[in-house]
Ligand SMILES: [Zn+2]
């Protein structure tokens, strides 16, 4: 599943490939992929140019002159820029015709992704449930401690909850817990300010390294735009069950936290007690 670094990579790559281009037509092959009315969606975009590219949490935000095309890729959504208009398989649900003669394909095997038009003055309300961005100047141990106070949840569950910090998914939550040397089930209400300062530093470090690497390319997510992520080469725990910890040599174990496969080094990652 694409997390913040993968969405950031898609947004930056598309800015390079289609920035400034005009949409001349749109084919929708699977109607529910668009949130809201299809005709209104097409009318909002056709004959307008891609003028801005940004991201909030795991949402890609493409400014198309006076509207924002908001995309959540969910599990398997991906974009391709192709010379051919016609989809090569049944998983291409939308095709944007561009004025340079090429086509932007939206491809989604699981069909969980959504394309939606949002007016710029409504975007902050539309995304109001999203928590703090990892690179927000407010991201600090103090902010995390405040968000975590009196919550009866573990650290990984806290990191995955988009209402507290947005953009972190399963891969990076595991890596951030390892970086902070904390067991993923450590109750957040018992984590000290000093420890949360380390967690905040790890959030910034892990996410910025992953963006610099173009994200992580493992089975559930591969970038479609000719950019392969390289962060999988830096993973310390995620998907490394049974392999030796890079720090202490103990085998990484796999467990489940909030129903998600979770990887941990029991020697390096301290479990703070209730
Ligand atoms: Zn270790």
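In our numbering, the protein residues as written are 386 to 659. Quick reminder that beta carbons are idealized off the backbone N, C-alpha and C, glycines included.
In terms of residues, what are the limits of the alpha helix (DSSP H) holding residue 595? In the chain shown, counting from the first residue as 1, residue 595 sits at position 210. Unbroken alpha helix (DSSP H) run through residue 595: 578-597.
Extent of the continuous alpha helix (DSSP H) run through residue 425: What you label residue 425 is simply residue 40 of the chain shown in a count that begins at 1. It spans 423-430 - the alpha helix (DSSP H) in which residue 425 sits, taken as one unbroken run.
Quick check on the burial criterion: 16 or more other C-beta atoms within 10 angstroms. Buried or exposed for residue 616? On the chain shown, position 231 is the one that residue 616 refers to. Flag for residue 616 reads buried.
Does the stretch 622-636 come into contact with the stretch 534-545, if we say contact requires no fewer than three beta-carbon pairs (one atom in each stretch) closer than 8 Å? Too few Cβ pairs lie closer than 8 Å, so no.
Between the alpha carbons of residue 638 and residue 525, how many angstroms are there, rounded? Counting from one through the chain shown, the residue named residue 638 turns up at place 253. Counting from one through the chain shown, the residue named residue 525 turns up at place 140. One C-alpha to the other measures close to 29 Å.
Cβ contact check for the stretch 471-484 and the stretch 506-516: 3 or more pairs under 8 Å: Too few Cβ pairs lie closer than 8 Å, so no.
In chain order, what residues of the same chain have a beta carbon less than 8 Å from the beta carbon of residue 405, not counting five sequence neighbours either side? Reading the chain shown from its first residue, position 20 is the one you call residue 405. Excluding positions up to five away in sequence, the list reads 434, 435, 436.
Report, in whole angstroms, the separation of the C-beta atoms of residue 499 and residue 420, which I expect to be a contact under 8 Å. Along the chain shown, one-based indexing puts residue 499 at 114. Along the chain shown, one-based indexing puts residue 420 at 35. Contact holds; Cβ gap of about 5 Å.
Three or more C-beta pairs below 8 Å linking the stretch 456-468 and the stretch 389-401: Yes, since at least three Cβ pairs between the stretch 456-468 and the stretch 389-401 fall closer than 8 Å, the two stretches touch.
Would you call the stretch 438-445 and the stretch 411-429 in contact, with 3 or more CB pairs under 8 Å? With the rule of 3 Cβ pairs closer than 8 Å, the stretch 438-445 does not count as touching the stretch 411-429.
Check whether residue 466 and residue 429 have beta carbons under 8 Å apart: Looking up residue 466 in the chain shown gives position 81. Looking up residue 429 in the chain shown gives position 44. Taking 8 Å as the Cβ cut-off, residue 466 and residue 429 do not qualify as a contacting pair.
According to the neighbour-count rule (16 or more other Cβ atoms, all chains shown, within 10 Å of its Cβ), is residue 604 buried or exposed? Along the chain shown, one-based indexing puts residue 604 at 219. The predicted position of residue 604 is uncertain, since its pLDDT is 48 and thus under 50; no value can be drawn from it.
Residue 606, DSSP secondary structure in three states: Working through the chain shown from its first residue, we reach residue 606 at position 221. Here the model assigns residue 606 a pLDDT of 47, short of 50, so the residue's position is not dependable and the matter cannot be decided.
Roughly how many angstroms lie between the CA atoms of residue 496 and residue 579, to the nearest whole one? In the chain shown, the residue the question calls residue 496 occupies position 111. In the chain shown, the residue the question calls residue 579 occupies position 194. Distance between the alpha carbons of residue 496 and residue 579: 43 Å.
Proximity of residue 564 and residue 540 at Cβ, strictly below 8 Å: Residue numbering aside, residue 564 sits at position 179 when the chain shown is read from its first letter. Residue numbering aside, residue 540 sits at position 155 when the chain shown is read from its first letter. At the C-beta level, residue 564 and residue 540 stay beyond 8 Å of one another.
Alpha carbon to alpha carbon, what distance is there between residue 510 and residue 646? Translated into the one-based positions of the chain shown, residue 646 becomes position 261. Translated into the one-based positions of the chain shown, residue 510 becomes position 125. Taking the straight line joining both Cα atoms gives about 33 Å.
Residue from 527, 659, 557, 454 with nearest C-alpha to residue 507: Locating residue 507 in the chain shown gives position 122, counting from the first residue. Checked all of 527, 659, 557, 454; the closest Cα to residue 507 is 454.
With distances taken between CB atoms, is the gap from residue 660 to residue 443 smaller than 8 Å? Residue 660 lies beyond the residue range present for the chain, which begins at 386 and ends at 659; the question has no answer from this structure.
Which residue wins for smallest C-alpha separation from residue 591, given the options 529, 613, 520? Position 206 of the chain shown, counted from the start, is the residue given in the question as residue 591. Checking every option, the nearest Cα to that of residue 591 belongs to 520.
Selected residue, minimal CA-CA separation from residue 657, among 553, 401, 502, 581: Here the question's residue 657 lines up with position 272 in the chain shown. When only C-alpha atoms are compared, the closest one is 581.
One or two residues paired with residue 435 in a DSSP bridge: In the chain shown, residue 435 corresponds to position 50, counting from 1. Beta-bridge pairing links residue 435 to 449.
For residue 460: DSSP bridge partner residues: As a position in the chain shown, residue 460 is number 75, starting the count at 1. Paired residues: none, contrary to the question.
Nearest-angstrom beta carbon gap, residue 553 and residue 544 [assumed within contact, 8 Å]: As a first step, residue 544 must be located in the chain shown, where it is residue number 159. As a first step, residue 553 must be located in the chain shown, where it is residue number 168. Between residue 553 and residue 544 the Cβ distance is about 5 Å, and since that is below 8 Å, they are a contact.
Residues in its own chain within less than 8 Å of residue 411 by CB, not counting five upstream and five downstream? Taking the chain shown and counting its residues from 1, the one referred to as residue 411 is at position 26. Answer for residue 411: 426, 427, 430, 431, 479, 480, 481, 482, listed in chain order.
Check residue 455 in the structure and name its three-state DSSP category. Indexing the chain shown from 1 puts residue 455 at position 70. Taken through DSSP and simplified to helix, strand or coil, residue 455 comes out as strand.
Closer than 7 Å: residue 467 CB and nearest ligand 1 heavy atom: Numbered from its first residue, the chain shown carries residue 467 at position 82. Outside the cutoff, so no.
Quick one: using the 10 Å Cβ neighbour count with 16 as the cut-off for buried, is residue 654 buried or exposed? Position 269 of the chain shown, counting from 1, holds the residue named residue 654. It is buried - the Cβ of residue 654 has at least 16 other Cβ atoms within 10 Å.
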